[in-house]
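As given, the protein sequences belong to chains Z and H, one line each in that order.
Residue 2 is where the first sequence starts when you use the numbering used here, and the numbers rise one by one after that.
Residue 2 is where the second sequence starts when you use the numbering used here, and the numbers rise one by one after that.
Positions of the beta carbon are idealized from the N, C-alpha and C atoms, including for glycine.
Working notes, beginning with the structure itself.
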Amino acid sequence: GIQVEQSPPDLILQEGANSTLRCNFSDSVNNLQWFHQNPWGQLINLFYIPSGTKQNGRLSATTVATERYSLLYISSSQTTDSGVYFCAVKNSGGSNYKLTFGKGTLLTVNP
Amino acid sequence: DTGVSQNPRHKITKRGQNVTFRCDPISEHNRLYWYRQTLGQGPEFLTYFQNEAQLEKSRLLSDRFSAERPKGSFSTLEIQRTEQGDSAMYLCASSTPPSWDEQFFGPGTRLTVL
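The structure is reproduced here in structure tokens:
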């Protein structure tokens, strides 16, 4: 099946810093989602971005499907941004409904 | 605007007992998914429903696991004869046209098997 690799696995920032999280995938995809998992375990939708670039406030994301990667940018980080960020993809050639997740990036933003 | 809801939020049980979880998808979402997440890992797909039909089951879903969606609305996931290895967060998600691809997740049920 499709492989999803996220980097870095851990990231520690000071409040106000910027960061870039990366997601590489091993096959063609027709869906890519970024999630933020809060300390209570809730997965919060950040972006649905199978291709192109989107922005939402301090967050933006870019997916280059032909090169099999996606980037999540967080600017002016805040302590509330802390948590695990997951990338999840749906393989174009495989199951047309299941998402395959990476292992996540654990982000800690210190005050 | 209510999201996906799951009950209970936490369940502690003894090995060998049966447990049942419930998921209520976003209203009118006709696709419903179950995932399982263990510590330090991303969620893994378990099963998927299109309305009341269960269309796919992962190999992770052993014979002790059964899922239903009898009227195409809420779904239940039952684990029989629980084992310590079943301890995990069980997540439910739903989606609908026109963007069937974007899945929205519930808060999860955290299962601890003693």
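**Report entry** Within-8 Å CB hit, residue 70 (chain Z) to chain H
**Finding:** Translated into positions along the first sequence, residue 70 (chain Z) becomes position 69. With 8 Å as the cut-off, residue 70 (chain Z) does not count as an interface residue toward chain H.
**Report entry** Supposed close pair residue 38 (chain H), residue 107 (chain H) - CB separation, criterion 8 Å
**Finding:** One-based indexing of the second sequence puts residue 38 (chain H) at position 37. One-based indexing of the second sequence puts residue 107 (chain H) at position 106. Contact between residue 38 (chain H) and residue 107 (chain H) is ruled out by a C-beta separation of about 12 Å, above the 8 Å threshold.
Query raised in the report: Closest to residue 58 (chain H) by CA distance: which of Z:71, Z:12, Z:98 is it?
Result: Reading the second sequence from its first residue, position 57 is the one you call residue 58 (chain H). Minimum Cα-Cα distance from residue 58 (chain H) among the listed residues Z:71, Z:12, Z:98 corresponds to Z:98.
Query - Where residue 65 (chain Z) falls, given that 16 or more other Cβ within 10 Å makes a residue buried - result: On the first sequence, position 64 is the one that residue 65 (chain Z) refers to. Residue burial is scored here from C-beta neighbours: residue 65 (chain Z) has fewer than 16 other C-beta atoms within 10 angstroms and is therefore classed as exposed.
Query raised in the report: Tell me, which residues are paired with residue 109 (chain Z) by DSSP?
Result: What you label residue 109 (chain Z) is simply residue 108 of the first sequence in a count that begins at 1. Residue 109 (chain Z) pairs with Z:13.
**Report entry** chain Z contact residues for residue 71 (chain H), given Cβ-Cβ distances below 9 Å
**Finding:** Residue numbering aside, residue 71 (chain H) sits at position 70 when the second sequence is read from its first letter. Within 9 Å Cβ-Cβ: nothing; residue 71 (chain H) doesn't reach chain Z, min ~20 Å.
Requested in this report: Establish whether the CB of residue 87 (chain Z) and some CB of chain H are separated by less than 8 Å.
Outcome: As a position in the first sequence, residue 87 (chain Z) is number 86, starting the count at 1. Output row for residue 87 (chain Z): interface = yes.
**Report entry** N- and C-terminal bounds of the beta strand (DSSP E) containing residue 166 (chain Z)
**Finding:** Examination of residue 166 (chain Z) is not possible in this model, given that chain Z is present from 2 through 112 alone.
Query raised in the report: Do the region 15 to 24 of chain H and the region 74 to 86 of chain H make contact, defined as three or more Cβ pairs closer than 8 Å?
Result: By the C-beta criterion, the region 15 to 24 of chain H is judged to be in contact with the region 74 to 86 of chain H, since at least 3 inter-stretch pairs fall below 8 Å.
Query - Selected residue, minimal CA-CA separation from residue 66 (chain H), among H:48, H:31, H:74 - result: For the purposes of this step, residue 66 (chain H) is identified with residue 65 of the second sequence, where counting begins at 1. The option with the nearest alpha carbon to residue 66 (chain H) is H:48.
Report task. Along the beta strand (DSSP E) that carries residue 55 (chain H), what are the first and last residues, could you check? Result -> Residue numbering aside, residue 55 (chain H) sits at position 54 when the second sequence is read from its first letter. The continuous beta strand (DSSP E) containing residue 55 (chain H) extends over residues 54 to 58.
**Report entry** Buried versus exposed call for residue 19 (chain Z) [16 or more other C-beta atoms within 10 Å across all chains shown]
**Finding:** In the first sequence, the residue the question calls residue 19 (chain Z) occupies position 18. Residue environment analysis places residue 19 (chain Z) among the exposed positions, since fewer than 16 neighbouring C-beta atoms fall within 10 angstroms of its C-beta.
Query raised in the report: What whole-angstrom Cβ distance do residue 90 (chain Z) and residue 14 (chain Z) have, given they're in contact under 8 Å?
Result: Taking the first residue of the first sequence as position 1, residue 90 (chain Z) is located at position 89. Taking the first residue of the first sequence as position 1, residue 14 (chain Z) is located at position 13. The C-beta distance from residue 90 (chain Z) to residue 14 (chain Z) rounds to 26 Å, too long to meet the 8 Å contact threshold.
Report task. Throw me the rounded Cβ distance for the residue 84 (chain Z) and residue 51 (chain Z) pair, which I believe falls under 8 Å. Result -> Position 83 of the first sequence, counted from the first residue, corresponds to residue 84 (chain Z). Position 50 of the first sequence, counted from the first residue, corresponds to residue 51 (chain Z). Not quite, the Cβ-Cβ distance comes to about 23 Å (not below 8 Å), so this is no contact.
Report task. Quick one: list the residues of chain H neighbouring residue 103 (chain Z), beta-carbon separation under 7 Å, in chain order. Result -> Looking up residue 103 (chain Z) in the first sequence gives position 102. Near residue 103 (chain Z) (Cβ distances below 7 Å), the residues of chain H are 43.
**Report entry** CA-to-CA distance, residue 21 (chain H) to residue 80 (chain Z), given in whole angstroms
**Finding:** On the first sequence, position 79 is the one that residue 80 (chain Z) refers to. On the second sequence, position 20 is the one that residue 21 (chain H) refers to. Rounded to the nearest angstrom, the two C-alpha atoms are 36 Å apart.
Requested in this report: May I have the straight-line CA-CA distance separating residue 26 (chain Z) from residue 109 (chain H), to the nearest angstrom?
Outcome: Indexing the first sequence from 1 puts residue 26 (chain Z) at position 25. Indexing the second sequence from 1 puts residue 109 (chain H) at position 108. If you draw a straight line from the Cα of residue 26 (chain Z) to the Cα of residue 109 (chain H), it comes to about 26 Å.
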